[in-house]
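Mapping of the sequence shown onto my numbering: position 466 corresponds to residue 454, and the numbering continues sequentially without gaps.
Even for Gly, the Cβ is constructed at its ideal location relative to N, Cα and C.
In this text, all values refer to a predicted model and were calculated from it rather than measured experimentally.
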Amino acid sequence: MPAVISMTAATITSPNGSIVLNVDVNSVGEPYYNLSYKDKPVIIDSKLGLAAKEAKFTDQFKILSTDTASFNETWQPVWGEFSEIVNHYNQLEVNLENSNGLLMTVCFRVFDDGMGFRYEFPLQDKANYLAVLDEVTEFNMPANNTMWVIPGDYDTDEYLFTETRISDVTDALKKYNGVHSESQREKELESTVQTPLLMKSDDGLYINVHEAALIGYPAMQLDVDTTTYSLKSHLTPDKLGVRGYLQLPFNTPWRTIIVSDDARDILASQLILNLNEPSKIEDTSWIKPMKFIGVWWEMFTGRQKTWAYSDDYRAKPGVTDYTKLKPNGRHPANTENVKKYIDFAAKHGIDAVLVEGWNEGWEDWASYRKNRQFLFDKPYPDFDLPYLRDYAKEKGVKLVMHHETAANALDYERQLDKAFQFMKDNNYDAVKTGYVGAIIPRSEHHTSQGMVDHAQYVIEKAAEYEIMIDSHEAPRPTGLIRTYPNWLAQESARGGEFESMGGNPPSHTALLPFTRLKGGPMDYTPGLFQTDLSYYGEGKDGKAMTTLARQLALYLTMPSPMQMAADLPENYERFPDAFQFIEDVPVEWRDSKYLEAEPAQYITVARLDKNSDDWYIGAITDDTPREAVIDLSFLPAGEKFIATIYADAPDADWETNPQAYTIKKVNVNNKTKLKQKLARGGGAAIRLQPVK
Ligand code: NOJ
Ligand code: CA
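Here it is in structure tokens:
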């Protein structure tokens, strides 16, 4: 198929001229756009528009007028990879009217690293209430790009990716059939993939397609046409088939395209954050990035520990007095055990302790509360909250709350004020939320409009109470952390917990920063030191495909302001010299330099601590050993640094020798190029301290 880039009515370039956008309407009045990067086509003529039950904003359009503007500001995020972010773009607004008098504006912002556009529907005479049936936005590729895909799914994104050509997507996705609880994928999602989607063209361009500022609208996935190489927006519907209910005036989320001929630029791009609104929270002084450990991995290791306090609840439906139930003796969220975690955190300078399974409702939770409701202000009888609250406070450690809703979002909304007040009364100021399961009230999916609205309701309510959120199983992030900086992290991808459920190949964490992380930080839960689960001797025998040193590097390559040390304290106590790195590594940064990167293969990144002059470096590889070449020319000239290098030992290998590491100190400066060997599934982590 020939690459079509036509001459058009309106053209705009990025500030440095490398990106060119053209917009026009075709002979039947369908609006379309195309995009190029350094004269290479990125997106060929692609249609724009939206169809609702009440009105079709798709064709018969003419361009009424266009407006252009330029914008250049530098802003300071509350936390993140950089202390300053430049937001520099040229804007083109195309004002359209169709033959029925319907009005629609498409607003494009063209940056040096890509483009965002959204539909803006003004208040109008013909239709002010819309039930959205389809968004016709296309992203048509000029050629048969390579793509790294996870399958379309309205409810979960916890998948391993597959590398494929566009032409082979349907076949590539077949292997995911039957995995999901509903059979949607086999039917309407058989050629659908999720965003953030990364592609690479044969002429060397890296292209990321996603969205920014997902508010009041369903999440977008992409239907792939394997013969024309066209990608088309596929909005998550509710179970009645409606994709969104809009009251005009309304602006859709931004559709985003990040592009470069250098893979490192995709990682460094702040385009998605830039397309989000500035913080709605004025006083952000209470928002505090943190490292935490958790009463958590115990439930995954195969030691038969449970979130539930008792096993006999199902036998006695209707019982609400837990003190009458027989404890199962396998419940780690008990006072004595939590105390040990608090002691460990206090001893090692870890800010906080997450406790899961502390509250009533876990019996039968995986079958979705057939006879239970989660209560967010009712501790189990063996969890002495007043005591632990005071004990933690005395030790200078925070407790992190956990709210598993099992996807009953409406019930959670009803309890929310009470739950957040309960947190404040007990000295909690961060909560990990969860939405495991398929039972979503009011016929919603995890990523349909209703659940997007729910996520916004929760984050705004949390801000009122000065509470920070780490959400699991919520709609994947779209940069809303800029607007709501109390949204420290999300899961929204296949995380470290899967090391106990089938494993994550090392390429997984070498891809996530190019895809999922473009929307915001992930609570990946790094820090697994005991990677061979047969160690526990009970059931689990998998080996995580990672060396111990690589787990340290993940603190740099998977940055998050809410960063877990996921393993058990007893495992950290076996490797105190390696744990020192986790103790030292910061969770917010003044600057970040991506030194080496290739999707799904390797990443090397250096970051400058926000609160000191120390640099930290993380390097990871995939299943192939590699030598990272770490060019330290970013260091200030003339200054000496001492580098503490945590590396794979020469004989390290994720499969045969994962816990073999070395720690050494060397003197470096900005002329140094460190050559660092990374094992199969390996990595290296380095701390650089200025010599005073
Ligand atoms: C799934 C979450 O991802 C996991 O971290 C959590 O422990 C369980 N749900 C229970 O809430
Ligand atoms: Ca999960």
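Would you list the one or two residues that DSSP bridges to residue i?
{"i": "His390", "result": "Lys420"}
{"i": "Arg153", "result": "Thr134"}
{"i": "Gly606", "result": "Val593, Ala673"}
{"i": "Arg97", "result": "Gln79, Gly104"}
{"i": "Ile0", "result": "Leu9"}
{"i": "Ile275", "result": "According to DSSP, which records beta bridges pairwise, Ile275 is partnered with nothing at all."}
{"i": "Val197", "result": "Leu185, Ile245"}
{"i": "Asn347", "result": "Pro367"}
{"i": "Pro234", "result": "The identity of residue 234 in the sequence shown is Leu, whereas the question assumes Pro. Looking at the DSSP assignment, Leu234 forms a beta bridge with Leu118."}
{"i": "Gln48", "result": "Gln48 is not bridged to any residue."}
Looking at residue i and ligand 2, is the gap between the Cβ and the nearest heavy atom below 6 Å?
{"i": "Glu681", "result": "Because the chain is modelled from -11 through 680, residue 681 falls outside the range shown and cannot be assessed."}
{"i": "His433", "result": "no"}
{"i": "Glu344", "result": "no"}
Taking the CB atoms as reference points, tell me whether residue i and residue j lie closer together than 7 Å.
{"i": "Thr56", "j": "Val74", "result": "no"}
{"i": "Leu223", "j": "Pro237", "result": "no"}
{"i": "Gly422", "j": "Pro465", "result": "no"}
{"i": "Leu228", "j": "Ser436", "result": "no"}
{"i": "Leu530", "j": "Gly467", "result": "In the sequence as displayed, the identity of residue 530 is Gly instead of Leu. Not in contact: Gly530 and Gly467 (Cβ atoms no closer than 7 Å)."}
{"i": "Tyr472", "j": "Ile455", "result": "no"}
{"i": "Thr682", "j": "Pro184", "result": "An answer regarding residue 682 cannot be provided, because it is not within the stretch -11 to 680 covered by the chain."}
{"i": "Ile651", "j": "Asp565", "result": "yes"}
{"i": "Leu23", "j": "Val94", "result": "no"}
{"i": "Ile269", "j": "Ala451", "result": "yes"}
{"i": "Ala588", "j": "Ser522", "result": "no"}
{"i": "Asp101", "j": "Asp253", "result": "yes"}
{"i": "Gly669", "j": "Met533", "result": "yes"}
{"i": "Glu324", "j": "His390", "result": "no"}
{"i": "Val13", "j": "Phe70", "result": "no"}
{"i": "Arg562", "j": "Tyr147", "result": "no"}
{"i": "Pro549", "j": "Leu476", "result": "yes"}
{"i": "Gly671", "j": "Ala498", "result": "no"}
{"i": "Leu376", "j": "Val419", "result": "no"}
{"i": "Leu263", "j": "Pro501", "result": "no"}
{"i": "Arg470", "j": "Leu261", "result": "yes"}
{"i": "Leu234", "j": "Leu118", "result": "yes"}
{"i": "Glu526", "j": "Gly290", "result": "yes"}
{"i": "Leu90", "j": "Ala43", "result": "yes"}
{"i": "Thr150", "j": "Thr214", "result": "no"}
{"i": "Gly104", "j": "Trp242", "result": "yes"}
Does ligand 1 have even one heavy atom less than 6 Å from the beta-carbon of residue i?
{"i": "Gly484", "result": "no"}
{"i": "Glu392", "result": "yes"}
{"i": "Val419", "result": "no"}
{"i": "Val743", "result": "Outside the modelled stretch of the chain, which goes from -11 to 680, sits residue 743, for which no answer is possible."}
Tell me the residue span of the alpha helix (DSSP H) that contains residue i.
{"i": "Asn686", "result": "The structure shown does not extend to residue 686, since the chain spans only -11 to 680, so no value can be given for it."}
{"i": "Asp253", "result": "251 to 256"}
{"i": "Phe622", "result": "Segment: none, Phe622 is in no alpha helix (DSSP H) and carries neither H nor E."}
{"i": "Glu586", "result": "Unbroken run through Glu586 is the beta strand (DSSP E), 577 to 586; no alpha helix (DSSP H)."}
{"i": "Tyr375", "result": "373 to 383"}
{"i": "Glu178", "result": "Here Glu178 belongs to no alpha helix (DSSP H), and DSSP marks it neither H nor E."}
{"i": "Lys328", "result": "323 to 336"}
{"i": "Met439", "result": "437 to 452"}
{"i": "Thr497", "result": "494 to 499"}
{"i": "Ala541", "result": "536 to 545"}
{"i": "Tyr524", "result": "Premise fails: Tyr524 is in no alpha helix (DSSP H) and is neither H nor E."}
In the DSSP assignment, find the unbroken beta strand (DSSP E) run with residue i in it and report its ends.
{"i": "Glu123", "result": "117 to 123"}
{"i": "Gly282", "result": "278 to 283"}
{"i": "Thr244", "result": "242 to 248"}
{"i": "Asn655", "result": "649 to 656"}
{"i": "Tyr25", "result": "19 to 25"}
{"i": "Ala340", "result": "340 to 343"}
7 Å is my cut-off, CB to CB: does residue i come that close to chain B?
{"i": "Arg538", "result": "No chain B is part of this structure, which consists of one protein chain only."}
- Would you list the residues whose beta-carbon is nearer than 6 Å to any heavy atom of ligand 3, in the order they occur in the chain? With respect to ligand 3, the structure shown offers nothing to examine, as its ligands consist of ligand 1 and ligand 2.
- Evaluate contact between the region 334 to 347 and the region 373 to 393, counting only Cβ atoms and requiring at least three cross-stretch pairs below 8 Å. yes
- Quick check: the region 282 to 299 against the region 342 to 350, are there 3 or more CB pairs under 8 Å? yes
- For the region 73 to 92 and the region 214 to 231, state whether three or more C-beta atom pairs, one from each stretch, are separated by less than 8 Å. no
- Query: Any chance the region 237 to 255 sits against the region 157 to 165, with 3 or more Cβ pairs inside 8 Å?
  - Reply: With the cut-off at 8 Å, the region 237 to 255 and the region 157 to 165 do not touch.
- Query: Just checking, does the region 596 to 615 make contact with the region 529 to 543 on the three C-beta pairs under 8 Å criterion?
  - Reply: Under the 8 Å Cβ criterion, the region 596 to 615 counts as touching the region 529 to 543, having at least three qualifying pairs.
- Item | Cβ pair count under 8 Å reaching 3, the region 190 to 207 against the region 403 to 414 | Too few Cβ pairs lie closer than 8 Å, so no.
- Three or more C-beta pairs closer than 8 Å, one from the region 268 to 282 and one from the region 128 to 145: is that the case here? no
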